[in-house]
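For the record, the sequence lines run as chains Y and B. Be aware that the first sequence starts at 1, since it is given in this note's numbering, and climbs by one per residue. Be aware that the second sequence starts at 161, since it is given in this note's numbering, and climbs by one per residue.
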Amino acid sequence: MKFFLSHNLKNNSHIKLVIPFFISFIVLFLIGDCLYSINNLGLTPVSITDYYRGNEEKLLEPRGIVLILEEVHIRSFLFGFMLLSLSSLILQTNISPISKKILIITSFTSALMDSVGGIFIAYLNSIFAYLKILSLLGLYISLTIMILIIMAYLWGEEEG
Amino acid sequence: MTKESLRIILFFFTIFLIVQALSGISLFVVKIGYNPAHIAEYFLGSEDEFIKAKSFWGLLEVAVPHLVGISIYILVMGHFLFLFPLKKGLIVSVTYLASLGDVLSGFLIRYGGAFFSPFKILFFVLFELTICYFIGMLVIALFQDKFFPDRV
Numbered sequence: 001m002k003f004f005l006s007h008n009l010k011n012n013s014h015i016k017l018v019i020p021f022f023i024s025f026i027v028l029f030l031i032g033d034c035l036y037s038i039n040n041l042g043l044t045p046v047s048i049t050d051y052y053r054g055n056e057e058k059l060l061e062p063r064g065i066v067l068i069l070e071e072v073h074i075r076s077f078l079f080g081f082m083l084l085s086l087s088s089l090i091l092q093t094n095i096s097p098i099s100k101k102i103l104i105i106t107s108f109t110s111a112l113m114d115s116v117g118g119i120f121i122a123y124l125n126s127i128f129a130y131l132k133i134l135s136l137l138g139l140y141i142s143l144t145i146m147i148l149i150i151m152a153y154l155w156g157e158e159e160g
Numbered sequence: 161m162t163k164e165s166l167r168i169i170l171f172f173f174t175i176f177l178i179v180q181a182l183s184g185i186s187l188f189v190v191k192i193g194y195n196p197a198h199i200a201e202y203f204l205g206s207e208d209e210f211i212k213a214k215s216f217w218g219l220l221e222v223a224v225p226h227l228v229g230i231s232i233y234i235l236v237m238g239h240f241l242f243l244f245p246l247k248k249g250l251i252v253s254v255t256y257l258a259s260l261g262d263v264l265s266g267f268l269i270r271y272g273g274a275f276f277s278p279f280k281i282l283f284f285v286l287f288e289l290t291i292c293y294f295i296g297m298l299v300i301a302l303f304q305d306k307f308f309p310d311r312v
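Written out as structure tokens, the structure reads:
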């Protein structure tokens, strides 16, 4: 986090070169993950429940514990470090403190619910499919807003 | 407000680390096993249990993302530990050696034999302990104001 805790983020040409490369990978990840979720999960409560719990009529096998744990393991790592970096950048921008707080809490909470949502759906109740949809939407929307704010801040007009 | 925001970020990051560690430990136990015999069987295969031996490419497929992930983890961990008044060299070195041993021990078991199975457990446990230590430090930091700069 300290790498990004610079007072001169906007005026640091080196950082201004690095951040777009970092952000471009996040954008590609966002598009890829969105397509993957639409294709695999379907983004409806029924399709998400079928994906994790299986469906005999549709000849769908339930997701095994190993596959679900692998999903949690990978996504919690990716989101933890990605949001740590993006949130540190958001702190440097000139949006209001309350907006920063809302964005940080929304993105982290959505990512956390998305990461562990599969376990809840598979082993607790299919009602958590709604939570999975909400968390995915919350994550995609908050990430998009964070990216736009960071880019607008870096290339926006100088203040005062 | 900055301190508060930093504290929120650190709080959530710590939760993600806990989820990551718990899922890693669960995966190890469920997928690989919890004793040297299970671990040897997982890597070397078993005719009785109809388990195929792991191929080189299969091992590499698991090792490559772990090498990237662990390198980022050590970088961030080392970075955070700089903020604490303790000897960082030992914990960073142990984390590095344990994680590297954990990743490479799969290859050692597959091509060196079941003799290396206990080492896989040893490296894995050691690596998870260093993660627990790091999580503990972050939790302590959450309750200390001096950890957070006054302004960003």
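C-beta: ideal position from N, C-alpha, C; glycine also.
*Would you tell me roughly how many angstroms separate the C-alpha atoms of Y:S13 and Y:I150, rounded to the nearest one?*
Walking along the first sequence from the start, residue 13 of chain Y turns up at place 13. Walking along the first sequence from the start, residue 150 of chain Y turns up at place 150. Roughly 15 Å between the two C-alpha positions.
*C-beta neighbour in chain B for Y:F128, strict 9 Å*: In the first sequence, residue 128 of chain Y corresponds to position 128, counting from 1. With 9 Å as the cut-off, Y:F128 does not count as an interface residue toward chain B.
*At least three beta-carbon pairs within less than 8 Å, the region 87-103 of chain Y to the region 59-75 of chain Y*: no
*For Y:D50, count neighbouring C-beta atoms within 10 Å of its own C-beta (all shown protein chains included) and say buried if the count is 16 or more, exposed if not.*
Working through the first sequence from its first residue, we reach residue 50 of chain Y at position 50. By the 10 Å Cβ count, Y:D50 comes out buried.
*Spell out whether any CB of chain B is found under 9 Å from the CB atom of Y:T109.*
Sequence index remark: in the first sequence, residue 109 of chain Y carries index 109 (1-based). Chain B contact via Cβ: present.
*Given 8 Å as the limit, is there contact between the region 201-217 of chain B and the region 239-259 of chain B, that is, 3 or more CB pairs closer than that?*
no
*Under a CB-based cut-off of 9 Å, is Y:I104 close to chain B?*
Locating residue 104 of chain Y in the first sequence gives position 104, counting from the first residue. True, the Cβ-Cβ gap to chain B drops below 9 Å.
*Using the beta-carbon count (16 or more within 10 Å), is B:G266 buried or exposed?*
As a working mapping, residue 266 of chain B is identified with position 106 in the second sequence. B:G266 should be labelled buried.
*Is it right to say Y:A122 is buried, meaning 16 or more other beta carbons lie within 10 angstroms of its own, or is it exposed?*
Walking along the first sequence from the start, residue 122 of chain Y turns up at place 122. When all chains shown are included, Y:A122 counts as buried.
*Who are the neighbours of B:I199 on chain Y, taking C-beta pairs under 9 Å?*
Counted from its first residue, the second sequence places residue 199 of chain B at position 39. The premise fails here: B:I199 is roughly 15 Å from chain Y at the closest Cβ pair, so nothing lies under 9 Å.
*How do the region 84-99 of chain Y and the region 112-127 of chain Y stand: do at least 3 beta-carbon pairs fall below 8 Å, yes or no?*
no
_What does the Cβ neighbour count give for B:L177, buried or exposed, with the cut at 16 atoms within 10 Å?_
For the purposes of this step, residue 177 of chain B is identified with residue 17 of the second sequence, where counting begins at 1. So B:L177 counts as buried.
*Please name the residue in Y:E56, Y:K16, Y:L35 and Y:M146 whose C-alpha comes closest to that of Y:L86.*
Translated into positions along the first sequence, residue 86 of chain Y becomes position 86. Ranking Y:E56, Y:K16, Y:L35 and Y:M146 by Cα distance to Y:L86 puts Y:M146 first.
*Beta-carbon gap between B:I192 and B:K280 smaller than 9 Å*: Position 32 of the second sequence, counted from the first residue, corresponds to residue 192 of chain B. Position 120 of the second sequence, counted from the first residue, corresponds to residue 280 of chain B. Their beta carbons are under 9 Å apart, which means B:I192 touches B:K280 by this criterion.
*Is B:L298 near B:F173, with beta carbons less than 9 Å apart?*
Within the second sequence, the letter at position 138 stands for residue 298 of chain B. Within the second sequence, the letter at position 13 stands for residue 173 of chain B. Yes; because the gap between Cβ atoms is below 9 Å, this pair is in contact.
*Tell me, please, whether the CB atom of Y:H14 is closer than 9 Å to any CB atom in chain B?*
Position 14 of the first sequence, counting from 1, holds the residue named residue 14 of chain Y. Answer no: the Cβ-Cβ gap between Y:H14 and chain B never drops below 9 Å.
*If you draw a straight line from the alpha carbon of Y:G160 to that of Y:S47, how long is it in whole angstroms?*
For the purposes of this step, residue 160 of chain Y is identified with residue 160 of the first sequence, where counting begins at 1. For the purposes of this step, residue 47 of chain Y is identified with residue 47 of the first sequence, where counting begins at 1. Any answer about Y:G160 is weak, because its pLDDT of 42 lies below 50 and its placement is not dependable; what the coordinates show is given next. Going by the C-alpha atoms only, they are around 52 Å apart.
*asked:* Alpha carbons only, please: which of Y:L35, Y:F22 and Y:I141 is nearest the one belonging to Y:I104?
replied: Within the first sequence, numbered from 1, the residue matching residue 104 of chain Y stands at position 104. For the residues Y:L35, Y:F22 and Y:I141, the minimum Cα distance to Y:I104 belongs to Y:I141.
*Between the C-alpha atoms of B:A274 and B:H198, what's the straight-line distance to the nearest angstrom?*
To locate residue 274 of chain B, count along the second sequence from 1; it is residue 114. To locate residue 198 of chain B, count along the second sequence from 1; it is residue 38. Approximately 10 Å, taken between the alpha carbons.
_chain Y within 9 Å of B:F173, Cβ atoms only_ = Here residue 173 of chain B refers to the residue found at position 13 when the second sequence is read from its first residue. Output row for B:F173: interface = yes.
*Could you list the residues in the region 33-45 of chain Y with a C-beta less than 7 Å from some C-beta on chain B, going in chain order?*
none
_Own chain partners of Y:N11 with C-beta closer than 6 Å, once the 5 adjacent residues on each side are dropped_ = As a working mapping, residue 11 of chain Y is identified with position 11 in the first sequence. Nothing meets the Cβ criterion.
*On a CA-only basis, which of B:L268, B:S183 and B:Y293 is nearest Y:V66? Give me that one, please.*
If you number the first sequence from 1, residue 66 of chain Y lands on position 66. Checked all of B:L268, B:S183 and B:Y293; the closest Cα to Y:V66 is B:S183.
*Indicate whether at least one CB of chain Y lies closer than 9 Å to the CB of B:V236.*
To locate residue 236 of chain B, count along the second sequence from 1; it is residue 76. Yes, contact with chain Y.
*Determine whether the Cβ of Y:G117 lies closer than 9 Å to any Cβ atom of chain B.*
In the first sequence, the residue the question calls residue 117 of chain Y occupies position 117. With 9 Å as the cut-off, Y:G117 does not count as an interface residue toward chain B.
*If we call anything under 9 Å between Cβ atoms a contact, is Y:L43 one with Y:I133?*
Translated into positions along the first sequence, residue 43 of chain Y becomes position 43. Translated into positions along the first sequence, residue 133 of chain Y becomes position 133. The answer is yes: Cβ separation under 9 Å.
*Is B:L246 helix, strand or coil when you go by DSSP?*
Against the second sequence, residue 246 of chain B aligns to sequence position 86. B:L246: coil per DSSP, three-state reduction.
*chain B beta carbons: is any one of them nearer than 9 Å to that of Y:F81?*
Here residue 81 of chain Y refers to the residue found at position 81 when the first sequence is read from its first residue. For Y:F81, the answer is yes, since a Cβ of chain B falls inside 9 Å of its Cβ.
_For B:L342 and B:A200, what's the separation of their Cα atoms in angstroms?_
Given that chain B is displayed from residue 161 to residue 312, the structure contains no residue 342 of chain B and the question cannot be resolved.
*How long is the line joining the alpha carbons of B:V312 and Y:G138, rounded to whole angstroms?*
As a first step, residue 312 of chain B must be located in the second sequence, where it is residue number 152. As a first step, residue 138 of chain Y must be located in the first sequence, where it is residue number 138. Note on B:V312: pLDDT 47, under 50, position unreliable in the model; no value is reported.
*Just tell me which of B:K248, B:S165 and B:D262 has its CA closest to the CA of B:Y293.*
Indexing the second sequence from 1 puts residue 293 of chain B at position 133. It is B:K248 whose Cα lies nearest to the Cα of B:Y293.
*Grab me the residues of Y:F25's own chain with a C-beta within less than 6 Å of its C-beta, minus the 5 sequence neighbours each way, in chain order.*
The residue you call residue 25 of chain Y lines up with position 25 of the first sequence. Closer than 6 Å at Cβ, skipping near neighbours: no residue.
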